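**Student:**
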Amino acid sequence: MKIPEAAKPLSVYRYAQMERLFFCMEHYSKPSLTYELQLGKLEERGMIIEDRDLARFYLQYVSYYRLSGYFYHLYQDDSHQQFKADTRFSNIIRAYNADKALRLALLNAIEFIEISVRANLAYLFSQKHSPFIFQEKN
Numbered sequence: 249m250k251i252p253e254a255a256k257p258l259s260v261y262r263y264a265q266m267e268r269l270f271f272c273m274e275h276y277s278k279p280s281l282t283y284e285l286q287l288g289k290l291e292e293r294g295m296i297i298e299d300r301d302l303a304r305f306y307l308q309y310v311s312y313y314r315l316s317g318y319f320y321h322l323y324q325d326d327s328h329q330q331f332k333a334d335t336r337f338s339n340i341i342r343a344y345n346a347d348k349a350l351r352l353a354l355l356n357a358i359e360f361i362e363i364s365v366r367a368n369l370a371y372l373f374s375q376k377h378s379p380f381i382f383q384e385k386n
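Here our numbering = 1-based position in the sequence shown + 248.
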């Protein structure tokens, strides 16, 4: 029996290649910022933060990185250094929560479709073959 390539142990050379791929953080130069420094960075770029406690909550439990996807259309230009006038953190939160509601509504619809297909397949198989077809060895 031939062992698949993916199941073979890694050679030292291949392990070193993978380590370089996954642990290339040594070339990453951005420092880790506290929540306060993240808020300061947003304010420096022109974002208005009305409720610092709420903003800190979202940075802690959602993350700057995830919220940053909602920033792009609010920058003045492609340099991503300055927000448009009157950009508010509350607008980011509103967009994030609307996106979350849409995602949950879609997942709810997908769940209904999945369960419906599974129930109908089980019904059809049991009608055509036997309700205990899953116990047959062939």
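All residues carry an ideal CB built from backbone N, CA and C; glycine is no exception. On a predicted model such as this, the values are computed, not experimentally measured, just so you know.
(1) Determine which residues share a DSSP beta bridge with Tyr323 and list them.
(2) Report yes or no: do three or more beta-carbon pairs, one from the segment 360 to 372 and one from the segment 336 to 349, lie closer than 8 Å?
(3) Whole angstroms are fine: how far does the CA of Ser338 sit from the CA of Leu322?
(4) What residue range does the alpha helix (DSSP H) around Val365 cover?
(5) Within the same chain, show all residues whose beta-carbon is closer than 7 Å to that of Glu291, passing over the 5 residues directly before and after it, in chain order.
(6) What does the alpha-carbon distance come out to for the pair Ile358 and Lys348?
(7) Output the distance between the C-alpha atoms of Ser316 and His328, rounded to the nearest integer angstrom.
(8) Can you tell me where the alpha helix (DSSP H) with Arg314 in it begins and where it stops?
(9) Return the first residue and the last residue of the alpha helix (DSSP H) that Lys385 is part of.
**Tutor:** According to the structure shown:
(1) Counting from 1 along the sequence shown, the entry for residue 323 is found at position 75. Partner(s): Phe331.
(2) no
(3) Residue 322 sits at position 74 when you count from the first residue of the sequence shown. Residue 338 sits at position 90 when you count from the first residue of the sequence shown. Near 13 Å, if we compare the C-alpha coordinates of Ser338 and Leu322.
(4) Locating residue 365 in the sequence shown gives position 117, where the first residue counts as 1. Run containing Val365: Phe337 to Lys376, per the alpha helix (DSSP H) assignment.
(5) In the sequence shown, the residue the question calls residue 291 occupies position 43. Taken in chain order, the residues that qualify are Ile297.
(6) On the sequence shown, position 110 is the one that residue 358 refers to. On the sequence shown, position 100 is the one that residue 348 refers to. If I take the Cα positions, the gap works out to 15 Å.
(7) Translated into positions along the sequence shown, residue 316 becomes position 68. Translated into positions along the sequence shown, residue 328 becomes position 80. Roughly 11 Å between the two C-alpha positions.
(8) Along the sequence shown, read from residue 1 onward, the residue named residue 314 stands at position 66. Residues Tyr312 to Ser316.
(9) Taking the first residue of the sequence shown as 1, we reach residue 385 at position 137. For Lys385, no alpha helix (DSSP H) encloses it, and the DSSP letter there is neither H nor E.
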